[in-house]
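Residue numbers (my numbering): 393 to 511. First up is the structure itself, then whatever we jot down about it.
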């Protein structure tokens, strides 16, 4: 134990009215990834177990997945996705394949043509 740690413990010991030996304080936030199980999930599992106490862990897992998929479907049905793509119908490749020892003959349009936007 380092000297500063010992002094800190001694100071806590003197400040404590009950004169207890100080212990290491627990971290307020747990390290690592946070749990994905919410209160809604817990309530759903409790209601499922109340309806059928013989429910297995696999059945609970499947029920949770079906419940979350229905919410996902509801979200997708209520969502509107907008995408815009602009392109030109007269676009042609300016390169091509030719037989050996010959040049590729490609006709390139002189004008750009009409632009089309799809929304």
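Using N, Cα and C, we set each Cβ at its ideal position, and we do this for glycine too.
Return helix, strand or coil for residue i, following the three-state DSSP convention.
i: residue 495; result: coil
i: residue 394; result: coil
i: residue 399; result: helix
From residue i to residue j, what does the alpha carbon distance come to, in whole angstroms?
i: residue 429; j: residue 437; result: 11 Å
i: residue 402; j: residue 456; result: 52 Å
i: residue 447; j: residue 467; result: 29 Å
i: residue 465; j: residue 472; result: 13 Å
i: residue 396; j: residue 425; result: 32 Å
i: residue 470; j: residue 461; result: 14 Å
i: residue 441; j: residue 427; result: 21 Å
i: residue 407; j: residue 449; result: 50 Å
i: residue 519; j: residue 404; result: The chain is shown from 393 up to 511; residue 519 falls before or after that span and cannot be answered.
i: residue 399; j: residue 422; result: 27 Å
Please identify the residue among the options whose C-alpha is closest to the C-alpha of residue i.
i: residue 434; options: 459, 464, 407, 496; result: 459
i: residue 432; options: 463, 404, 488, 407; result: 463
**Item:** Minimum length 3: unbroken beta strand (DSSP E) runs contained in the stretch 405-475
**Value:** Counting whole runs of 3 or more residues, the stretch 405-475 contains no beta strand (DSSP E) stretch at all.
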